[in-house]
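These notes are about the structure you will find just below.
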Amino acid sequence: MRAVIAPEPGGPDALVVADLPDPEAGPGEVVIEVVASAVNRADTMQRQGFYPPPQGASDVLGLECSGRISQVGAGVEGFAVGDEVCALLAAGGYAEQVAVPAGQVMPVPSGVDLVTAAAIPEVACTVWSNVFMVAGLQPEETLLVHGGAGGIGNVAIQLAKALGARVLATAGSPEKVAFCESLGADRGIDYREEDFVEVARAEGGVDVILDNMGAKYLDRNVTALATEGRLVVIGMQGGTKGELDLGKLLSKRGAVIATSLRARPTEEKAAICAAVVEHVWPLVAEGRIRTTVHETVPLEEASRAHALMESGTHSGKIVITVAR
Numbered sequence: 081m082r083a084v085i086a087p088e089p090g091g092p093d094a095l096v097v098a099d100l101p102d103p104e105a106g107p108g109e110v111v112i113e114v115v116a117s118a119v120n121r122a123d124t125m126q127r128q129g130f131y132p133p134p135q136g137a138s139d140v141l142g143l144e145c146s147g148r149i150s151q152v153g154a155g156v157e158g159f160a161v162g163d164e165v166c167a168l169l170a171a172g173g174y175a176e177q178v179a180v181p182a183g184q185v186m187p188v189p190s191g192v193d194l195v196t197a198a199a200i201p202e203v204a205c206t207v208w209s210n211v212f213m214v215a216g217l218q219p220e221e222t223l224l225v226h227g228g229a230g231g232i233g234n235v236a237i238q239l240a241k242a243l244g245a246r247v248l249a250t251a252g253s254p255e256k257v258a259f260c261e262s263l264g265a266d267r268g269i270d271y272r273e274e275d276f277v278e279v280a281r282a283e284g285g286v287d288v289i290l291d292n293m294g295a296k297y298l299d300r301n302v303t304a305l306a307t308e309g310r311l312v313v314i315g316m317q318g319g320t321k322g323e324l325d326l327g328k329l330l331s332k333r334g335a336v337i338a339t340s341l342r343a344r345p346t347e348e349k350a351a352i353c354a355a356v357v358e359h360v361w362p363l364v365a366e367g368r369i370r371t372t373v374h375e376t377v378p379l380e381e382a383s384r385a386h387a388l389m390e391s392g393t394h395s396g397k398i399v400i401t402v403a404r
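Here is the structure:
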């Protein structure tokens, strides 16, 4: 099969299309004939050598995919060859085929085409697990989303609004602020022109923050929290080491939680996927959550997809399509 790997760390041009052995479905697994995958920030970090795949996982990039099941392993129930599905992956999405534990495979949401479905698993599972399962966002609480125009951000905005929360979202241009507000954000914040801390203070503080910046925003995020607020750090675009004022955090009875999805045990990922199918898929079917695809790029041009991701000019997801 054709698959995209990064033999040596580097820029987008480090990605190459290689011929690799076809996968086989082991016990509890299915093999998916991939129609599309999607680009995530973690993919660009892996390409640069900063985020290796979990032990035992493929070196092929790609944390999500959509396609049709071509093999069903022993002990798998509920799936059959030919089923159209999407999946959360530890690795392997940028390829013609991928083997994946059946618990991480989900039906394509009603009303979503198969290519667009590739852009949903990682963001839906990230948002649901972190904002709702970990941080426990409740109706009428306020969520602050950093990077609201990105793939994770735009789903976080819509899902929080659909479940009754108030949403603030940061973005890096007036156009992206308008995009966030078109998705339902109550207040978009152009971080180049405004201080999100001051906006949060005017709101009385925020109850949950979904943060992809890490160290750069740590102190300001804690300042922005309301009493008993929860900061969930899921990315390190702004660095890995920051100073935490424990006195400030204690005064708010706040919590700082750092978490990732990729390295979680298979059983935990299966539980998250099941929760997403139960709670998120009906909202997608009702049209209350939509996935925005900025551009589709052929597998052979994966390096261009990474360059686009790193340019920061996109809104929504970048999808990689697999032609045969």
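The numbering used here numbers the first residue of the sequence shown as 81 and each following residue consecutively.
Where is the CB? At the ideal position from N, CA and C, for every residue including glycine.
Being a predicted model, the structure only gives us computed values, none of them experimental.
Using 10 angstroms around the beta-carbon of residue i, count the other beta-carbons present and answer buried if the total reaches 16, otherwise exposed.
i: A304; result: buried
i: F130; result: exposed
i: T371; result: buried
i: A197; result: buried
i: Q218; result: exposed
i: E104; result: exposed
i: A229; result: buried
i: E109; result: buried
i: Q238; result: buried
i: L379; result: buried
Tell me the DSSP secondary structure of residue i in three-state form.
i: G153; result: coil
i: A98; result: strand
i: E104; result: coil
i: S262; result: helix
i: M81; result: coil
i: P362; result: helix
i: T372; result: coil
i: M125; result: helix
i: V356; result: helix
i: S138; result: coil
i: V188; result: coil
i: P132; result: coil
i: A350; result: helix
i: L224; result: strand
i: L239; result: helix
i: P181; result: strand
i: E255; result: helix
i: G294; result: helix
i: I232; result: helix
i: P378; result: strand
Would you mind giving the Cβ-Cβ distance between residue i and residue j, rounded to the nearest angstrom? I have them listed as a contact below 8 Å.
i: L224; j: L248; result: 5 Å
i: A350; j: Q184; result: 6 Å
i: R300; j: V286; result: Not quite, the Cβ-Cβ distance comes to about 12 Å (not below 8 Å), so this is no contact.
i: V156; j: P187; result: Rounded, the Cβ-Cβ distance is 14 Å, inconsistent with contact.
i: V207; j: V235; result: 5 Å
i: S209; j: L341; result: 6 Å
i: L169; j: V180; result: 6 Å
i: I232; j: V203; result: 5 Å
i: G268; j: A242; result: The Cβ separation is near 18 Å, so there is no contact.
Between which two residues does the beta strand (DSSP E) carrying residue i extend?
i: K397; result: K397 to T401
i: I337; result: A335 to A338
i: A118; result: E109 to A118
i: R281; result: Element bounds for R281: not the beta strand (DSSP E) but the alpha helix (DSSP H), F276 to A282.
i: L341; result: Here L341 belongs to no beta strand (DSSP E), and DSSP marks it neither H nor E.
i: D412; result: Any question about residue 412 goes unanswered here, given that the chain covers just 81 to 404.
Looking at the secondary structure, which residues open and close the alpha helix (DSSP H) in which residue i lies?
i: S391; result: A382 to S391
i: V203; result: P201 to V207
i: V195; result: L194 to A197
i: D163; result: Per DSSP, D163 belongs to no alpha helix (DSSP H) and is neither H nor E.
i: G327; result: L326 to S331
i: D406; result: The first residue shown for the chain is 81 and the last is 404, placing residue 406 beyond what the model contains.
Taking 7 Å as the cut-off, does the CB of residue i come closer than this to any heavy atom belonging to the ligand GDP?
i: G322; result: In the structure on display, the ligand GDP does not appear, and there are no ligands present to speak of.
Validate contact between the region 307 to 318 and the region 331 to 338 using beta carbons, cut 8 Å, 3 pairs: yes
Any 3 or more C-beta pairs closer than 8 Å across the region 317 to 336 and the region 346 to 362: no
Touching by the beta-carbon criterion (3+ pairs, under 8 Å), the region 317 to 329 and the region 249 to 258: no
Validate contact between the region 138 to 149 and the region 81 to 95 using beta carbons, cut 8 Å, 3 pairs: yes
Stretch-stretch touch, CB-based, cutoff 8 Å, three pairs: the region 173 to 191 with the region 112 to 128: yes
The region 197 to 217 contacting the region 141 to 152, beta-carbon criterion three pairs below 8 Å: yes
The region 288 to 306 touching the region 266 to 273, judged by at least three CB pairs closer than 8 Å: no
Sufficient close CB pairs (3 or more, under 8 Å) joining the region 180 to 194 to the region 359 to 367: yes
Cβ contact (3+ pairs, closer than 8 Å) linking the region 378 to 389 and the region 88 to 95: yes
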